[in-house]
Amino acid sequence: MPQSEAPYKRVALIGLGLIGSSIGWAIKRAGLETEFIGYARSEQTRQTALRLGFVDAVAASAAEAVQGADLVILCSPIGTYSALAAEIAPHLSPGATISDVGSVKMAVVRDVGPLVPDGVEFVPAHPIAGTEHSGPEAGFAELFDNRWCILTPPPGANRQAVARLADFWRACGSDVDFMTPEHHDLVLAVTSHLPHLIAYNIVGTAADLETVTQQEVIKYSASGFRDFTRIAASDPTMWRDIFLNNREAVLEMLGRFTEDLAVLQRAIRWGDGDALFDTF
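Start counting at 1 in the sequence shown, then tack on 59, and there's your number in my numbering.
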């Protein structure tokens with residue numbers, strides 16, 4: 060995409076961790092003429108982002124960061140969205156779009172939607188990409204390459220604003236799809252949230268086994284267990300907020316998983332090889 064076709068000229072990144080920094084790097088890699096203004100609560104994080112170069116300037120407050128921006132992306136934990144939206148709402152430019160990167164969408168619609176002023180477009184988004192690392196130094200331009208970004212525009216959303224945001228994410232390297240917030244949260248409960256919950260629990264169980272030392276667990280672990288430890292190393296604040304804000308879908312999937320696990324438990328207890336084979 061040539062520089063003249065940049066979807067946005069000025070983008071405010073509210074949150075400068077893995078996702079926020081990767082957005083900046085991805086758009087700069089694409090060669091688009093887009094100015095990035097960054098905000099994070101920590102002055103050290105802001106200065107690190109400025110030094111690394113994925114933002115062009117930083118602001119001392121979220122309200123300052125969004126002034127003059129035609130796209131605002133909330134890249135912080137979901138639990139911060141409501142307070143941030145209330146802070147920035149009076150400072151959003153008419154015609155601007157506010158979006159996010161959160162892994163839960165119903166909560167975003169609930170917490171952010173009512174605070175969006177008239178004349179500002181609201182298009183929630185979720186790039187399905189990440190690593191176990193966090194912070195401004197964790198980002199890289201290729202994070203979104205060939206990964207899905209799901210947009211969940213509310214009913215009546217401006218089609219041009221939705222298409223513009225889709226173009227932005229394609230410029231980041233993503234494939235774009237569309238869902239309702241409700242369907243998104245159910246799908247992600249199955250494909251992402253439940254697996255993370257299981258990983259946290261398995262690693263926690265291993266850590267609690269007093270008869271097996273930590274050194275032995277690491278020494279003799281196969282790739283499967285190491286995958287669990289990698290997943291369980293993800294940002295705890297982010298995942299706490301995800302589980303609390305998608306509790307209904309997660310609890311539904313967890314209930315189904317628990318029932319299926321009980322079936323396997325009975326098959327193992329009673330030596331039912333046929334049942335195990337059919338499951339596997």
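The beta-carbon is built from N, C-alpha and C at its ideal position, and this holds for glycine as well.
Every value quoted in this text rests on a predicted model; they were computed, and no experiment measured them.
Q) With a Cβ-Cβ cutoff of 8 Å, do A108 and P195 count as a contact? A) Along the sequence shown, one-based indexing puts residue 108 at 49. Along the sequence shown, one-based indexing puts residue 195 at 136. Yes; because the gap between Cβ atoms is below 8 Å, this pair is in contact.
Q. Which residues in the same chain as V249 place their Cβ atom closer than 7 Å to its Cβ, once the five residues preceding and following it in sequence are excluded?
A. Stepping through the sequence shown from its first residue, residue 249 is reached at position 190. Closer than 7 Å at Cβ, skipping near neighbours: M312.
Q | When A65, F284, Q324 are compared against V262, the one with the closest alpha-carbon | A | The count along the sequence shown starts at 1 and reaches residue 262 at position 203. Of the candidates A65, F284, Q324, the one whose C-alpha sits nearest the C-alpha of V262 is F284.
Q) Okay, do the segment 144-151 and the segment 215-234 touch, 3+ Cβ pairs below 8 Å being the bar? A) Judged by Cβ distances under 8 Å, the segment 144-151 makes no contact with the segment 215-234, as fewer than three pairs qualify.
Q: Report the residue ranges of all alpha helix (DSSP H) runs contained in full by the segment 98-171; include only those spanning at least 4 residues, in chain order.
A: The DSSP assignment places 102-111, 121-125, 140-147, 165-170 as complete runs of the alpha helix (DSSP H) inside the segment 98-171, in order along the chain (cut-off: 4 residues).
Q | Straight-line Cα distance separating E275 from S152 | A | Residue mapping note: residue 152 aligns to position 93 of the sequence shown, counting from 1. Residue mapping note: residue 275 aligns to position 216 of the sequence shown, counting from 1. So the two alpha carbons sit approximately 57 Å from each other.
Q: May I have the straight-line CA-CA distance separating F227 from V235, to the nearest angstrom?
A: Here residue 227 refers to the residue found at position 168 when the sequence shown is read from its first residue. Here residue 235 refers to the residue found at position 176 when the sequence shown is read from its first residue. Taking the straight line from one Cα to the other gives about 10 Å.
(Q) Based on DSSP bridge pairs, tell me the residues matched to P214. (A) Position 155 of the sequence shown holds residue 214. According to DSSP, which records beta bridges pairwise, P214 is partnered with nothing at all.
Q | Per DSSP, cross-strand counterpart(s) of F95 | A | Here residue 95 is taken as the residue at index 36 of the sequence shown, counted from 1. V70.
Q. What is the residue span of the beta strand (DSSP E) that V344 lies within?
A. Residue 344 lies beyond the residue range present for the chain, which begins at 60 and ends at 339; the question has no answer from this structure.
Q. Once you ignore the five residues that flank G112 on each side, which residues in its own chain have a CB closer than 6 Å to its CB?
A. If you number the sequence shown from 1, residue 112 lands on position 53. Here G112 has no same chain residue with a Cβ atom under 6 Å from its own Cβ, once five neighbours each way along the sequence are excluded.
Q. What's the C-alpha gap between L77 and D333?
A. The residue given as residue 77 occupies position 18 in the sequence shown. The residue given as residue 333 occupies position 274 in the sequence shown. Going by the C-alpha atoms only, they are around 45 Å apart.
Q | Meets three-Cβ-pair contact criterion under 8 Å: the segment 301-311 and the segment 162-172 | A | The way I'd put it, the segment 301-311 does touch the segment 162-172; three or more beta-carbon pairs between them come closer than 8 Å.
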